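**Student:**
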Amino acid sequence: MPDEVDVVVIGMGPGGEDVASRLATAGLSVVGIESRLVGGECPYFACIPTKMMVRAADALGEARRVSELAGSAEVAPDWGPVATRIRDEATTGWDDTIAAERFESTGGRLVRGTGRISAPGEVSVNGRTLRARRAIVLNPGTEPAVPPIEGLAQTPYWTNRDAVSVQKAPGSLIVLGGGPVGLEFAQVFARFGSRVTVVEAQPHLLPAAEPEAAEVITERLQAERLTVLAGANVERVSHDGTFRVSAGGTELAADQLLVATGRRTDLATLGVGEIGLDEQARTIEVDDRMRAARGVWAIGDVTGKGAFTHNSVYQARIAAADILGEPGPVADYRAMPSVTFTDPEVAAVGYTAAQAAEAGLRTRTATTRLQDSARGFIHKTGNEGLIKLVADADHDVLVGATVVGPGAGEILGALAVAVHAEVPVDLLGQMIFAYPTFHRAIESALAEL
Ligand SMILES: Cc1cc2nc3c(=O)[nH]c(=O)nc-3n(C[C@H](O)[C@H](O)[C@H](O)COP(=O)(O)OP(=O)(O)OC[C@H]3O[C@@H](n4cnc5c(N)ncnc54)[C@H](O)[C@@H]3O)c2cc1C
Ligand SMILES: NC(=O)c1ccc[n+]([C@@H]2O[C@H](COP(=O)([O-])OP(=O)(O)OC[C@H]3O[C@@H](n4cnc5c(N)ncnc54)[C@H](O)[C@@H]3O)[C@@H](O)[C@H]2O)c1
Numbered sequence: 001m002p003d004e005v006d007v008v009v010i011g012m013g014p015g016g017e018d019v020a021s022r023l024a025t026a027g028l029s030v031v032g033i034e035s036r037l038v039g040g041e042c043p044y045f046a047c048i049p050t051k052m053m054v055r056a057a058d059a060l061g062e063a064r065r066v067s068e069l070a071g072s073a074e075v076a077p078d079w080g081p082v083a084t085r086i087r088d089e090a091t092t093g094w095d096d097t098i099a100a101e102r103f104e105s106t107g108g109r110l111v112r113g114t115g116r117i118s119a120p121g122e123v124s125v126n127g128r129t130l131r132a133r134r135a136i137v138l139n140p141g142t143e144p145a146v147p148p149i150e151g152l153a154q155t156p157y158w159t160n161r162d163a164v165s166v167q168k169a170p171g172s173l174i175v176l177g178g179g180p181v182g183l184e185f186a187q188v189f190a191r192f193g194s195r196v197t198v199v200e201a202q203p204h205l206l207p208a209a210e211p212e213a214a215e216v217i218t219e220r221l222q223a224e225r226l227t228v229l230a231g232a233n234v235e236r237v238s239h240d241g242t243f244r245v246s247a248g249g250t251e252l253a254a255d256q257l258l259v260a261t262g263r264r265t266d267l268a269t270l271g272v273g274e275i276g277l278d279e280q281a282r283t284i285e286v287d288d289r290m291r292a293a294r295g296v297w298a299i300g301d302v303t304g305k306g307a308f309t310h311n312s313v314y315q316a317r318i319a320a321a322d323i324l325g326e327p328g329p330v331a332d333y334r335a336m337p338s339v340t341f342t343d344p345e346v347a348a349v350g351y352t353a354a355q356a357a358e359a360g361l362r363t364r365t366a367t368t369r370l371q372d373s374a375r376g377f378i379h380k381t382g383n384e385g386l387i388k389l390v391a392d393a394d395h396d397v398l399v400g401a402t403v404v405g406p407g408a409g410e411i412l413g414a415l416a417v418a419v420h421a422e423v424p425v426d427l428l429g430q431m432i433f434a435y436p437t438f439h440r441a442i443e444s445a446l447a448e449l
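For the record, in the sequence shown the residue sitting at position 75 is 75 according to UniProt numbering, with numbers rising by one throughout.
1. What residue ranges within the region 228-292 form continuous alpha helix (DSSP H) runs of no fewer than 4 residues, ordered along the chain?
2. I'd like the list of long-range same chain contacts for Glu150, defined as Cβ closer than 8 Å, with 5 residues on each side in sequence excluded.
3. Got a sec? Which residues, its chain only, sit under 8 Å from Leu412 by beta carbon, not counting five neighbours each side?
4. Determine the direct distance from the alpha carbon of Lys168 to that of Gln202, and round the result to whole angstroms.
5. So for Val54, helix, strand or coil by DSSP?
6. Is Asn139 a contact residue of ligand 1, with contact defined as CB to any heavy atom under 7 Å?
7. Grab the span of the beta strand (DSSP E) containing Ser172 for me, first residue to last.
8. Of all the options Leu361, Gly407 and Ala209, which has the alpha carbon lying nearest to the alpha carbon of Asp396?
9. With a threshold of 7 Å, establish whether the CB of Glu200 neighbours any heavy atom of ligand 2.
10. Going by DSSP, what residues sit across from Leu324 in a beta bridge?
11. Considering only heavy atoms of ligand 1, does any lie closer than 7 Å to the CB of Asn160?
12. Could you give the residue range of the alpha helix (DSSP H) that holds Gly376?
13. What do you reckon, are the CB atoms on Ala320 and Arg22 nearer than 8 Å?
14. Go ahead and label Lys388 buried or exposed: buried means 16 or more other beta carbons lie within 10 angstroms of its beta carbon, across all protein chains shown.
15. Could you tell me the alpha carbon to alpha carbon distance between Ile117 and Val166, rounded to whole angstroms?
16. Residues in its own chain within less than 8 Å of Ala119 by CB, not counting five upstream and five downstream?
17. Cutting at 7 Å between CB atoms, please list the residues of its own chain near Ile98, excluding the five before and the five after it.
18. Rounding to the nearest angstrom, what Cα-Cα distance links Val75 and Thr283 in this structure?
19. Looking at the secondary structure, which residues open and close the alpha helix (DSSP H) in which Gly405 lies?
20. If you reduce the DSSP assignment to three classes, tell me which class Asp332 lands in.
21. I'd like to know if the region 323-337 and the region 47-59 are in contact, where contact means that at least 3 CB-CB pairs between them fall below 8 Å.
22. Buried or exposed: which applies to Ser172, given that a residue is buried once 16 or more other Cβ atoms fall within 10 Å of its Cβ?
23. Quick one: does the C-beta of Val234 sit closer than 7 Å to a heavy atom of ligand 2?
24. What are the residues that DSSP puts in a beta bridge with Lys388?
25. Residue range of the alpha helix (DSSP H) that Ala418 falls in?
26. To the nearest angstrom, report how far apart Arg112 and Glu104 are at their CA atoms.
27. Would you mind working out which of Asn383, Gln430, Asp394 and Asp426 sits nearest Ala437, comparing C-alpha positions?
28. Which residues in the same chain as Arg364 place their Cβ atom closer than 7 Å to its Cβ, once the five residues preceding and following it in sequence are excluded?
29. Put Ile10 into one of helix, strand or coil per three-state DSSP.
30. Do you know whose CA, among Asp18, Glu285 and Pro170, lies nearest His310's CA?
31. Which term fits Phe189, buried or exposed, when burial requires 16 or more other beta carbons within 10 angstroms of its beta carbon?
32. Among Ile136, Leu28, Thr50 and Arg87, whose alpha-carbon lies nearest the alpha-carbon of Thr106?
33. Between the region 136-156 and the region 4-14, are three or more C-beta pairs nearer than 8 Å?
34. To the nearest angstrom, report how far apart Pro424 and Ala186 are at their CA atoms.
35. Considering only residues of the same chain and omitting the five flanking positions on each side of Ala316, which have a CB-CB separation below 6 Å?
36. With distances taken from CA atoms, which of His379, Gly39, Thr218 and Thr269 is nearest Val313?
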């Protein structure tokens with residue numbers, strides 16, 4: 001006989017854990033199935049450990065700026081404290097006991113194993129069948145995507161999951177992929193002394209960002225002596241103790257190779273064909289309440305609405321309300337923020353100019369350089385950056401913004417409010433922006449607009 005419960009959650013990433021806990025707290029019988037670690041990629045292999053690395057690397061970066069501002073500072077990087085912090089403070093040795101207990105304390109039941117939809121309303125795990133009376137929630141996340149480059153599969157390359165647990169920075173490193181994952185790791189290891197080359201297939205780094213943002217970050221990386229090969233096709237990889245990469249006619253060699261070329265999903269293994277969904281698709285289509293099929297909800301990276309922890313948890317809240325039959329706002333992604341934690345940070349909300357044009361909007365854009373602001377002048381070294389605004393010309397509201405600079409992720413907050421609340425551009429322009437802050441450059445960009 002199948003085991004009957006109200007809800008089965010497959011995948012306990014940030015959103016899965018959140019939705020499972022909310023529903024269990026509300027009194028439903030909930031089983032959460034997890035094949036690796038409760039909490040998912042973010043706390044063990046992604047956001048948290050990488051941001052601890054970034055924090056440490058930024059401290060080194062700032063110390064190296066002392067000579068331009070305040071005398072001299074001797075910088076002797078040591079990966080030891082970073083590795084210890086990630087092991088002890090971030091991941092407790094990649095052990096999820098605390099997270100598992102946190103979920104079980106809500107009344108939910110954790111099953112360790114790989115869940116698969118075996119029939120409508122049914123999930124199989126460890127040879128048993130669970131029948132979900134009310135809902136199945138899918139939160140499987142993603143895996144690192146490894147491109148089919150000749151020789152690559154036979155080499156001991158790293159993905160993000162290896163790079164967060166290293167005991168020392170490599171002497172030299174090739175990073176395949178100049179997206180957020182590739183660039184955060186590249187700059188971190190370079191600041192700890194690795195000789196780093198970034199190979200990006202597209203013509204510029206961070207292809208999804210505003211081109212001006214990519215320009216700033218490319219110049220900064222080059223100033224920090226990283227080599228950037230953009231528009232480079234990787235033909236071949238081999239390993240004989242040293243990694244050898246043929247890319248765009250250049251032969252590269254390094255101690256380590258990090259593959260950061262995006263993420264993939266595996267919907268066939270999840271059994272979505274059993275509920276009439278396309279198993280070959282990359283993402284699961286959801287409506288604005290996260291419904292994917294009758295009795296099935298999907299949340300997180302797999303929905304293709306933004307591969308961020310804040311999106312996964314946002315969607316979890318909406319799915320939980322819908323499953324509980326509670327009224328509430330539906331999903332609205334207009335003001336989706338993102339921050340790439342390089343130095344300078346690259347933060348964005350809403351549309352880029354290109355995306356707005358693609359969406360058929362008539363736009364006005366304006367860009368101001370942070371170096372030209374009073375705060376930029378004062379800050380001096382490390383002040384590179386910009387604020388770019390994208391306004392809907394017909395409705396006079398911001399539909400997107402990009403901030404590059406020190407603390408760009410924090411500056412973005414004000415612009416995210418503007419996009420979210422559709423604050424009229426005129427009204428924004430009437431605000432008083434504190435002097436001399438970086439966010440005051442928003443006023444200059446608005447004036448330009
Ligand atoms: C290096 C790196 C850095 C990042 N930094 C940031 C950042 O700074 N900020 C940010 O917002 N985002 C960041 N992200 C993205 C972020 O990690 C994800 O968006 C986030 O983890 C949310 O993913 P998710 O909820 O879809 O699921 P995931 O976190 O991927 O978790 C899904 C879970 O489901 C489990 N699972 C999958 N299939 C099954 C199955 N069939 N049965 C049982 N269990 C299953 C997996 O084991 C996994 O634990 C980063 C990503 C990477 C790779
Ligand atoms: N701070 C954050 O919020 C944060 C940090 C890291 C990752 N993430 C999320 O995780 C997801 C994955 O990030 P990512 O950087 O791995 O993926 P991505 O898809 O954003 O970037 C991958 C890059 O690799 C390049 N590429 C693909 N194949 C290549 C090849 N064969 N050779 C060279 N370059 C190649 C792509 O052109 C792209 O620029 C993103 O959607 C991102 O939103 C978020």
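Think of the CB as a built atom: it goes at the ideal place given N, C-alpha and C, for glycine as much as any other residue. Given the structure is predicted, the values throughout are model-derived calculations rather than measurements.
**Tutor:** Concretely, from the data shown:
1. Restricting attention to alpha helix (DSSP H) runs no shorter than 4 residues, the region 228-292 encloses them at 267-270, ordered along the chain.
2. Annotation for Glu150: Glu235, Arg236 and Val237 place their beta carbon closer than 8 Å to its own, counting only its chain and skipping 5 residues before and after.
3. Annotation for Leu412: Pro337, Val339, Ala347, Ala348, Val349, Ala401 and Val403 place their beta carbon closer than 8 Å to its own, counting only its chain and skipping 5 residues before and after.
4. Their backbone Cα atoms lie some 30 Å apart in a straight line.
5. If DSSP states are grouped into helix, strand and coil, Val54 belongs with the helices.
6. At least one heavy atom of ligand 1 is nearer than 7 Å to the Cβ of Asn139, so yes.
7. Where Ser172 is concerned, the enclosing beta strand (DSSP E) starts and stops at Ser172 to Leu176.
8. Residue Leu361 is the option with its Cα nearest to Asp396.
9. Glu200 has its CB nearer than 7 Å to a heavy atom of ligand 2.
10. DSSP output for Leu324 lists no bridge partner at all.
11. Yes - ligand 1 has a heavy atom lying nearer than 7 Å to the Cβ of Asn160.
12. Gly376: member of the alpha helix (DSSP H) spanning Ala374 to His379, first to last residue.
13. Yes, the pair counts as a contact, with Cβ atoms nearer than the cut-off.
14. Lys388 comes out buried.
15. Straight-line Cα distance between these residues: approximately 36 Å.
16. Correct list, in chain order: Glu274.
17. The residues are Thr92.
18. The straight-line gap from Cα to Cα measures roughly 45 Å.
19. Here Gly405 belongs to no alpha helix (DSSP H); instead the beta strand (DSSP E) covers Val397 to Gly405.
20. In the three-state reduction of the DSSP assignment, Asp332 falls in the coil class.
21. The region 323-337 vs the region 47-59: no contact.
22. Result: buried.
23. Under cutoff, so the answer is yes.
24. In the DSSP assignment, the residues bridged to Lys388 are Thr367 and Thr402.
25. That run of the alpha helix (DSSP H) goes Ala408 to His420.
26. Roughly 13 Å separates the two Cα atoms.
27. Checking the sequence, you will find Thr at residue 437 rather than Ala. Looking at the Cα atoms, Asn383 is the closest of the given residues.
28. Excluding the 5 residues flanking it on each side, Arg364 has same chain C-beta neighbours closer than 7 Å at Ala391, Ala393 and Leu449, in chain order.
29. Looking at Ile10 - three-state DSSP - the assignment turns out to be strand.
30. Minimum Cα-Cα distance from His310 among the listed residues Asp18, Glu285 and Pro170 corresponds to Asp18.
31. Answer is buried; the Cβ neighbour count reaches 16.
32. Comparing Cα positions, the closest option is Leu28.
33. Verdict: yes, contact present.
34. Spanning the alpha carbons of Pro424 and Ala186 requires a straight line of approximately 39 Å.
35. Around Ala316: Gly15, Asp18, Val19 and Ile299.
36. With distances taken between Cα atoms, Val313 lies closest to Gly39.
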